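Each residue of the sequence shown is one higher than the one before, starting from 7 at the first, in our numbering. Positions of the beta carbon are idealized from the N, C-alpha and C atoms, including for glycine. Owing to the predicted nature of the structure, the values given are computational and were not obtained by experimental measurement. This report refers to the structure that appears directly beneath it.
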Amino acid sequence: LPSPSPGLMSQKKAVAIHWFRKGLRLHDNPALLDACKGALLVYPLFILDPHFAKPDVVGLNRYNFLLESLTDIDMQLREKYKSRLYVVQGKPDKVLPRLFKEWNVTRMTWEFDTEPYARIRDKQIHELAKEASV
Numbered sequence: 007l008p009s010p011s012p013g014l015m016s017q018k019k020a021v022a023i024h025w026f027r028k029g030l031r032l033h034d035n036p037a038l039l040d041a042c043k044g045a046l047l048v049y050p051l052f053i054l055d056p057h058f059a060k061p062d063v064v065g066l067n068r069y070n071f072l073l074e075s076l077t078d079i080d081m082q083l084r085e086k087y088k089s090r091l092y093v094v095q096g097k098p099d100k101v102l103p104r105l106f107k108e109w110n111v112t113r114m115t116w117e118f119d120t121e122p123y124a125r126i127r128d129k130q131i132h133e134l135a136k137e138a139s140v
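Structure follows, in structure tokens:
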């Protein structure tokens, strides 16, 4: 992946990932604001999780809406912050540990999700982040 642009930078030393999931917006996004607080770099990230790429889980219209929303967020990040949305494909438990290392991540934020799959996934990601000192 290419190096991030410094669009979402401040004076501190933390390197953060904000993992976009359902809250696909820049405004009124407390988790994104937390990622930016005290961060030298913020990597806005969306993971195309294969769990949600199944027609019985996500219909075609919903998937198209997702892609349009991701494009919109990316354009806003580029225009307003000289940044971009990083979109990667794969299972979060495989993708995130690699990105923690590649990007030297010290903090990660995401919005809370109450769905059963999300609760199991988030617990696993929390443990992986802890192991990586994130």
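{"Query": "So what does DSSP say about L72, is it helix, strand or coil?", "Result": "helix"}
{"Query": "Does DSSP put F26 in a helix, a strand or coil?", "Result": "strand"}
{"Query": "Classify A22: buried if its beta carbon has 16 or more other beta carbons within 10 angstroms, exposed otherwise.", "Result": "buried"}
{"Query": "Among F26, I126 and A41, whose alpha-carbon lies nearest the alpha-carbon of M114?", "Result": "A41"}
{"Query": "If D99 and L51 are in contact, beta carbons under 8 Å, what's the gap, nearest whole angstrom?", "Result": "About 14 Å separates the two Cβ atoms, so there is no contact after all."}
{"Query": "With DSSP as the reference, label R31 as helix, strand or coil.", "Result": "coil"}
{"Query": "Taking only runs of the beta strand (DSSP E) that begin and end inside the region 89 to 117, which ones reach a length of at least 3 residues, in chain order?", "Result": "92 to 95 and 113 to 116"}
{"Query": "Considering only the alpha carbon of each residue, which of E74, L54, K97 and K86 lies closest to R127?", "Result": "K97"}
{"Query": "Flag this pair as touching only if the region 104 to 122 and the region 74 to 83 have three or more C-beta atom pairs under 8 Å; answer yes or no.", "Result": "no"}
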